[in-house]
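**Student:**
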Amino acid sequence: MSYADVYAGWKADPEGFWMKAAEEIDWVKKPSKALFDDNAPIYEWFSDGMVNACYNAVDRHVDNGRGEQTAIIYDSPITHSKREISYIELRNRVASLAGALRAKGVEKGDRVIIYMPMIPEALEAMLACARLGAVHSVVFGGFAANELAVRIDDAKPKCIIAASCGLEPGRVVHYKPLLDGAIELSEHKPDFTVIFQREQEVAQLEEGRDYNWHGFQYGVEPAECVPVEGNHPAYILYTSGTTGQPKGVVRPTAGHLVALNWSMKNLYNVDPGDVFWAASDVGWVVGHSYITYGPLVHGNTTIVFEGKPVGTPDAGTFWRVISEHNVKSFFTAPTAFRAVKREDPIGEFVGKYDLSCLNAVYLAGERADPDTITWAQDQLKVPVIDHWWQTETGWAIAANPLGIEELPVKLGSPSVPMPGYNVQILDEGGHPMAAGELGAIAIKLPLPPGTLQNLWNAEARYKKSYLEHFPGYYETGDAGYIDEDGYVYIMARTDDVINVAGHRLSTGGMEEVLAAHPDVAECAVIGVSDKLKGQMPMGFLCLNAGAGRDHGDVVKECVKMVRDQIGPVAAFKLATVVDRLPKTRSGKILRGTMVSIADGKDYKMPATIDDPVILDEITDALKAMGYPAAG
Ligand code: COA
Ligand code: AMP
1 MSYADVYAGW KADPEGFWMK AAEEIDWVKK PSKALFDDNA PIYEWFSDGM
51 VNACYNAVDR HVDNGRGEQT AIIYDSPITH SKREISYIEL RNRVASLAGA
101 LRAKGVEKGD RVIIYMPMIP EALEAMLACA RLGAVHSVVF GGFAANELAV
151 RIDDAKPKCI IAASCGLEPG RVVHYKPLLD GAIELSEHKP DFTVIFQREQ
201 EVAQLEEGRD YNWHGFQYGV EPAECVPVEG NHPAYILYTS GTTGQPKGVV
251 RPTAGHLVAL NWSMKNLYNV DPGDVFWAAS DVGWVVGHSY ITYGPLVHGN
301 TTIVFEGKPV GTPDAGTFWR VISEHNVKSF FTAPTAFRAV KREDPIGEFV
351 GKYDLSCLNA VYLAGERADP DTITWAQDQL KVPVIDHWWQ TETGWAIAAN
401 PLGIEELPVK LGSPSVPMPG YNVQILDEGG HPMAAGELGA IAIKLPLPPG
451 TLQNLWNAEA RYKKSYLEHF PGYYETGDAG YIDEDGYVYI MARTDDVINV
501 AGHRLSTGGM EEVLAAHPDV AECAVIGVSD KLKGQMPMGF LCLNAGAGRD
551 HGDVVKECVK MVRDQIGPVA AFKLATVVDR LPKTRSGKIL RGTMVSIADG
601 KDYKMPATID DPVILDEITD ALKAMGYPAA G
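The numbers in the sequence shown follow the UniProt record's numbering, run straight up by one, and end at 631.
1. Under 8 Å, do F196 and M118 count as touching if we go by C-beta distance?
2. Apart from the five residues just before and just after A360, which ones in its own chain have a Cβ nearer than 7 Å to its Cβ?
3. Within the chosen definition, does the region 252 to 266 reach the region 280 to 300 through at least 3 CB pairs nearer than 8 Å?
4. Just checking: is the beta-carbon of V62 within a distance shorter than 8 Å of some beta-carbon in chain D?
5. Flag this pair as touching only if the region 594 to 602 and the region 526 to 545 have three or more C-beta atom pairs under 8 Å; answer yes or no.
6. In whole angstroms, what separates the C-alpha of G255 from that of L35?
7. Mark V172 as exposed unless 16 or more other C-beta atoms lie within 10 angstroms of its C-beta, in which case mark it buried.
8. Closest to Q377 by CA distance: which of D59, L615 and L363 is it?
9. Give the secondary structure of A575 by DSSP, where H, G and I count as helix, E and B as strand, and everything else as coil.
10. Give me the Cα-Cα distance between T239 and L438, rounded to the nearest whole angstrom.
11. Just to confirm my understanding: we take P222, look at its own chain, exclude 5 residues before and 5 after, and list those with CB closer than 8 Å. What are they?
12. Relative to the C-alpha of N400, which candidate in V135, T393, P417 and P227 has its C-alpha closest?
13. May I ask you to report which of helix, strand or coil DSSP gives D620?
14. Considering just the uninterrupted stretch of the beta strand (DSSP E) at F330, what are its terminal residues?
15. Smallest Cα separation from R563: which of T393, E511 and E405?
16. Can we count W388 as close to ligand 2, meaning its CB is less than 7 Å from some heavy atom?
17. Indicate the three-state DSSP secondary structure (helix, strand or coil) for T79 in the structure shown.
18. Among T243, A234 and L257, which has the Cα closest to the Cα of V249?
19. Given the structure, does P568 come close to ligand 2, in the sense that its CB is under 7 Å from one of the ligand's heavy atoms?
20. Apart from the five residues just before and just after D48, which ones in its own chain have a Cβ nearer than 6 Å to its Cβ?
21. Of all the beta strand (DSSP E) runs that stay within the bounds of the region 236 to 289, which reach a length of 3 or more residues?
22. Report buried or exposed for H431, applying the criterion of at least 16 other Cβ atoms within 10 angstroms of its Cβ.
23. Mind checking whether the beta-carbon of D281 lies closer than 7 Å to any heavy atom of ligand 1?
24. Please look up how many angstroms separate the CB atoms of W213 and E121, rounded, as I've assumed it's under 8 Å.
25. Find the nearest neighbour of F337 within the set Q204, R367 and H325, judged by alpha-carbon distance.
26. By alpha-carbon positions, which one of V135, P471, W27 and S465 ends up nearest to G477?
27. Could you compute how far the alpha carbon of V321 sits from the alpha carbon of V327?
28. Check this for me: beta carbons of I609 and P628, under 8 Å apart or not?
29. CB of L532 to nearest heavy atom of ligand 1: below 7 Å?
30. Count Cβ pairs between the region 566 to 578 and the region 498 to 507 that sit closer than 8 Å; are there 3 or more?
31. In chain order, what are the residue ranges of uninterrupted beta strand (DSSP E) at least 3 long that sit wholly in the region 472 to 506?
32. Alpha carbon to alpha carbon, how far is G508 from L590?
33. Report the residue from Y462, G486, T393 and G436 whose alpha carbon sits nearest the alpha carbon of P414.
34. What residue range is occupied by the uninterrupted beta strand (DSSP E) comprising C523?
35. Could you say which of V310, V202 and G241 lies nearest to Q390 if we only look at CA atoms?
36. Any idea which residues DSSP pairs H136 with across the strands?
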């Protein structure tokens, strides 16, 4: 069947399409139907089915004779260690951890925050929660204590599972002190924590609150899988919105299993037993969907890679891992390839490894620039597939579905909508636009299984952020167009979200931090183009009259504040002091115009600008910082 047939088949009978896909999942009780629309525009899938995510990701493979197959390969060039965990071993480890959590009172529906680096125990912690029907919320290790505290207060976890430390090249990330700091900052206090002690840094445990990962499992009964309703939240994953308060994306259990399982074959073209590698982090949605759940539910071998594209030890690491572990499909972010290409433009390292196992490469998380795709195609001689999705959707909205049909690649486009997604380009008034015209990208409701069901404890925000602007549609927050062949092009965000090295960040959140500096009267943060990271945040600070401070000192303090309060991942290093910010007459800061100046792009003088001279001042300030950057 061609892609066109599959897509048309879904459109003609969405219910039948997803019920068929649901047959690949092991149910405790099969759902009576796919879509539940009584509460539209909030939709649910498979709500009256009963299912367990851990059973589908782990136990069923043991029950079906795959117990000896490797489930997880841990490869850490940072610690120089490698380890393989079979499905049977994974089942035993997860059942034991879940049993210990249960013995301490964790039950179905309780939240558990997981704050761990790229080690197999992070996946085991996620799966142990899923086994009990507890709702996990993984927090990325590059966030500071304050961000962790915000998530603790929102999710109100009964327990937090953390590692003693993470390892960045040349730097130990002190998870335990960060965790202690976060618990001190948060209003909600977890009943207890579980700490996985790593030998690189053993953490001090607080008697009565902190339990040792191994010790607290001693003598407990392993836990069986607890069946949950199809619409039961599998996890909450916080992502950046327009403010400093992150959005808690709620992923429903059954739709998640059905959609991810479907995508493994149809999109990523892997069969059970194949090795699939997503070089991301469990703290991001890619890690949830394609390091943990997708490959494991589908019976693949997944790789937990604790390293970087370059420097651990060199730009050949990706190729070594692919070759050594027989990776068939590889998923990474364009920024990672840009980092490799910068160090090894002619692909000397590529030539050192036998990559004949590799069938395709998938890129997502940010726009894949044509140069990077062409470079990867030339080096690897396999299809390099850009695909577009979001934390909210949990799996690809648009892609080139290699398992169905390899469509011609159009550089600059993540190809075509996947079944389940009716993608439309809308004008400000919500009217569909013609092929080739730029507008807001929206998806006709309902979204398919596996996408967000709501925001955690914030239904009004969910509706306001995604459903109200274009009634009947989900607003993606991306702008772009669809060409006459139906290929989607993602051009920009329509909100304050920027994308730094494939990490989604809120400029609004950074502004909130900067505004709290005692000498800052007003500020703006914009995303400027960056050759490696795609975008970098840049701050403009107006100081209080009479502050009398050295500008360099204030900038340094502001950079430190963002690092301390949001985290190193914000990569906030560029800031400058200006007298005034350009604004409209109604007082709106002209951030878009500032971005154009910084990127050296032509811009139209906004008709509503209050004082055009300020743009000259901004231009001078940018010049002093070396912007627009050469090349
Ligand atoms: N825990 C703690 N700190 C972390 C971290 C983690 N898990 N991940 C990143 N950081 C820190 C880095 O150490 C760095 O700190 P520094 O300012 O002290 O140097 C900072 O956050 C910024 O990190 P990053 O933006 O990743 O930049 P980098 O210079 O360390 O590396 C790349 C550049 C391109 C190699 C890297 O960004 C990369 O591999 N990107 C791929 C992104 C990706 O996989 N995204 C997932 C979406 S698919
Ligand atoms: P995240 O929620 O972190 O996955 O970020 C989602 C956002 O990243 C999207 O809304 C887009 O702005 C951007 N994005 C993700 N994948 C792509 C892609 N393939 N092309 C262009 N932008 C992308």
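Don't be surprised by glycine CBs; every beta carbon is placed ideally from N, CA and C.
**Tutor:** With the structure as the only source:
1. In the sequence shown, counting from the first residue as 1, residue 196 sits at position 196. In the sequence shown, counting from the first residue as 1, residue 118 sits at position 118. No, the Cβ-Cβ distance between F196 and M118 is not below 8 Å.
2. In the sequence shown, residue 360 corresponds to position 360, counting from 1. Here the set comprises N269, S329, V382, P383, I385 and L402.
3. yes
4. Among the chains in the structure shown there is no chain D, since it carries only a single protein chain.
5. Result yes; three or more Cβ-Cβ pairs closer than 8 Å.
6. Numbered from 1 along the sequence shown, position 255 holds the residue referred to as residue 255. Numbered from 1 along the sequence shown, position 35 holds the residue referred to as residue 35. Going from the Cα of G255 to the Cα of L35 covers about 10 Å.
7. The residue given as residue 172 occupies position 172 in the sequence shown. V172 comes out exposed.
8. Here residue 377 corresponds to residue number 377 of the sequence shown, with the count starting at 1. Among D59, L615 and L363, the Cα nearest to that of Q377 belongs to L363.
9. Residue mapping note: residue 575 aligns to position 575 of the sequence shown, counting from 1. It is a strand residue.
10. Taking the first residue of the sequence shown as 1, we reach residue 239 at position 239. Taking the first residue of the sequence shown as 1, we reach residue 438 at position 438. Rounded to whole angstroms, T239 to L438 spans 26 Å at the Cα level.
11. For the purposes of this step, residue 222 is taken as the residue at position 222 of the sequence shown. Closer than 8 Å at the Cβ level, and outside the excluded window around P222, lie N92, A95, S96, A98 and G99.
12. Taking the sequence shown and counting its residues from 1, the one referred to as residue 400 is at position 400. Shortest Cα-Cα distance from N400 to any of V135, T393, P417 and P227 involves P417.
13. Counting from 1 along the sequence shown, the entry for residue 620 is found at position 620. In this structure, D620 counts as helix in the three-state DSSP scheme.
14. Here the question's residue 330 lines up with position 330 in the sequence shown. It spans V327 to T332 - the beta strand (DSSP E) in which F330 sits, taken as one unbroken run.
15. Counting from one through the sequence shown, the residue named residue 563 turns up at place 563. Here the closest residue by C-alpha is E511.
16. Position 388 of the sequence shown, counting from 1, holds the residue named residue 388. It does: the Cβ of W388 is within 7 Å (strictly closer) of some heavy atom of ligand 2.
17. One-based indexing of the sequence shown puts residue 79 at position 79. It is coil, neither helix nor strand.
18. Residue numbering aside, residue 249 sits at position 249 when the sequence shown is read from its first letter. V249 has its Cα closest to that of A234, out of T243, A234 and L257.
19. Within the sequence shown, numbered from 1, the residue matching residue 568 stands at position 568. P568 Cβ: outside cutoff for every heavy atom of ligand 2.
20. Taking the first residue of the sequence shown as position 1, residue 48 is located at position 48. Only P31 and S32 meet the Cβ criterion.
21. Annotation note: the region 236 to 289 contains the following uninterrupted beta strand (DSSP E) runs of length 3 or greater, listed N- to C-terminal: 247 to 252 and 275 to 278.
22. On the sequence shown, position 431 is the one that residue 431 refers to. Looking at its Cβ environment, which holds fewer than 16 other Cβ atoms inside 10 Å, H431 is exposed.
23. Here residue 281 refers to the residue found at position 281 when the sequence shown is read from its first residue. Yes, Cβ of D281 sits closer than 7 Å to a heavy atom of ligand 1.
24. Indexing the sequence shown from 1 puts residue 213 at position 213. Indexing the sequence shown from 1 puts residue 121 at position 121. Yes, W213 and E121 are in contact; Cβ-Cβ is about 7 Å, under 8 Å.
25. Within the sequence shown, numbered from 1, the residue matching residue 337 stands at position 337. With distances taken between Cα atoms, F337 lies closest to R367.
26. Translated into the one-based positions of the sequence shown, residue 477 becomes position 477. The candidate whose alpha carbon is nearest that of G477 is S465.
27. Residue numbering aside, residue 321 sits at position 321 when the sequence shown is read from its first letter. Residue numbering aside, residue 327 sits at position 327 when the sequence shown is read from its first letter. Taking the straight line from one Cα to the other gives about 8 Å.
28. Residue 609 sits at position 609 when you count from the first residue of the sequence shown. Residue 628 sits at position 628 when you count from the first residue of the sequence shown. Contact flag unset, no.
29. Taking the sequence shown and counting its residues from 1, one reaches residue 532 at position 532. Flag set: Cβ of L532 near ligand 1.
30. Yes: the two stretches touch, three or more of their Cβ pairs being nearer than 8 Å.
31. 473 to 482, 488 to 493, 497 to 500 and 503 to 506
32. Translated into the one-based positions of the sequence shown, residue 508 becomes position 508. Translated into the one-based positions of the sequence shown, residue 590 becomes position 590. A direct Cα-to-Cα measurement between G508 and L590 gives close to 14 Å.
33. Walking along the sequence shown from the start, residue 414 turns up at place 414. Of Y462, G486, T393 and G436, the residue nearest in Cα terms is G486.
34. Here residue 523 refers to the residue found at position 523 when the sequence shown is read from its first residue. Element bounds for C523: V520 to D530.
35. Position 390 of the sequence shown, counted from the first residue, corresponds to residue 390. For Q390, the nearest C-alpha among the options comes from G241.
36. The residue given as residue 136 occupies position 136 in the sequence shown. In DSSP, H136 forms a bridge with V112 and Y235.
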